[in-house]
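Chemist: Taking my numbering, the leading residue of the sequence shown gets 1, the next gets one more, and so forth.
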Amino acid sequence: MNSYDLSHLSFLVADENVFTLSVMRKILNAFHAQEIFEAQTADEAYEYFRLAPIDIIITDRLTAPTDEISFIHQIRNDDRSPNRDVPILMLTAQSDPFRLAAAREAGATEILTKPLTAQKLFTALQAMIEQGRAIIQSADYSGPDRRKQHMPQMGPERRRAKTRASQPEASIRIVERDDISLKRRMNQSLIEKRFD
1 MNSYDLSHLS FLVADENVFT LSVMRKILNA FHAQEIFEAQ TADEAYEYFR
51 LAPIDIIITD RLTAPTDEIS FIHQIRNDDR SPNRDVPILM LTAQSDPFRL
101 AAAREAGATE ILTKPLTAQK LFTALQAMIE QGRAIIQSAD YSGPDRRKQH
151 MPQMGPERRR AKTRASQPEA SIRIVERDDI SLKRRMNQSL IEKRFD
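Structure (structure tokens):
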């Protein structure tokens, strides 16, 4: 694990389990984090979030009246939210696809499934800091851009097959010829380029 100084960041860790809060504090302290707020309910966590400048939120299991997914949704959509763009890491022991989709829909930046290790947490935090994603605000969704890769060409033309007119003339000739040895050389060349 690389050395990473998180001393300049403030964290909010929300989990109903005191033991998990203690473990998270120890791991974050090992990463040099100094300002760590802990909350056992979504209401308490939201109050910390409204009153203190929080850089990263880590949330695990929260229960009634507000669970962790509703808490994330509240941060992203509430008019009183001081920072809808804050990175949110959701930890979960449940890798149920519907639950993970609900967390993404609520606006979780990253989702980390348990068991938790310091390395997994470090990697997730590093990704959130270094590869921050744009926040999307729309009528249906508020949260980080779900695309992890930048696609330079968007729109319907991205999905269309290339027409003969848009292909280079040389490749059209190769495809149309019946010369098997030429096709073999072309395939071999593509294979060599792929492994260079």
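Ideal Cβ positions, reconstructed from N, Cα and C, are used throughout, including at glycine.
Can you tell me which residues form a DSSP beta bridge with P144?
Modeler: Within the sequence shown, numbered from 1, the residue matching residue 144 stands at position 144. Answer is I135, bridged to P144.
Chemist: Could you tell me which whole beta strand (DSSP E) segments of length 3 or greater appear in the stretch 32–70?
Modeler: 35–39, 56–59
Chemist: Select from D67, Q74, P82 the residue whose C-alpha is nearest the C-alpha of R99.
Modeler: The residue you call residue 99 lines up with position 99 of the sequence shown. Nearest option by C-alpha distance: D67.
Chemist: Which one or two residues does DSSP pair with T113 in a beta bridge?
Modeler: For the purposes of this step, residue 113 is taken as the residue at position 113 of the sequence shown. Answer is T92, bridged to T113.
Chemist: I need the DSSP call for L6, collapsed to helix, strand or coil.
Modeler: Here residue 6 is taken as the residue at index 6 of the sequence shown, counted from 1. Reduced to three states, the DSSP call for L6 is coil.
Chemist: Quick one: Cα of E16 to Cα of E38, how far?
Modeler: One-based indexing of the sequence shown puts residue 16 at position 16. One-based indexing of the sequence shown puts residue 38 at position 38. Using only the alpha carbons, I get a separation of about 10 Å.
Chemist: Just the C-alpha distance for L51 and N77, rounded to the nearest angstrom, thanks.
Modeler: Numbered from its first residue, the sequence shown carries residue 51 at position 51. Numbered from its first residue, the sequence shown carries residue 77 at position 77. Going from the Cα of L51 to the Cα of N77 covers about 17 Å.
Chemist: Does the Cβ of P144 have 16 or more other Cβ atoms within 10 Å, making it buried, or fewer, making it exposed?
Modeler: Numbered from 1 along the sequence shown, position 144 holds the residue referred to as residue 144. Its Cβ being crowded by 16 or more others within 10 Å, P144 is buried.
Chemist: State whether the stretch 78–90 contacts the stretch 124–133, with contact taken as three or more CB pairs (one from each stretch) at a distance under 8 Å.
Modeler: Short answer: they touch.
Chemist: Judging by CA-CA distance, which residue of L91, R61, M128 is the nearest neighbour of A42?
Modeler: As a first step, residue 42 must be located in the sequence shown, where it is residue number 42. Out of L91, R61, M128, R61 has the C-alpha closest to the C-alpha of A42.
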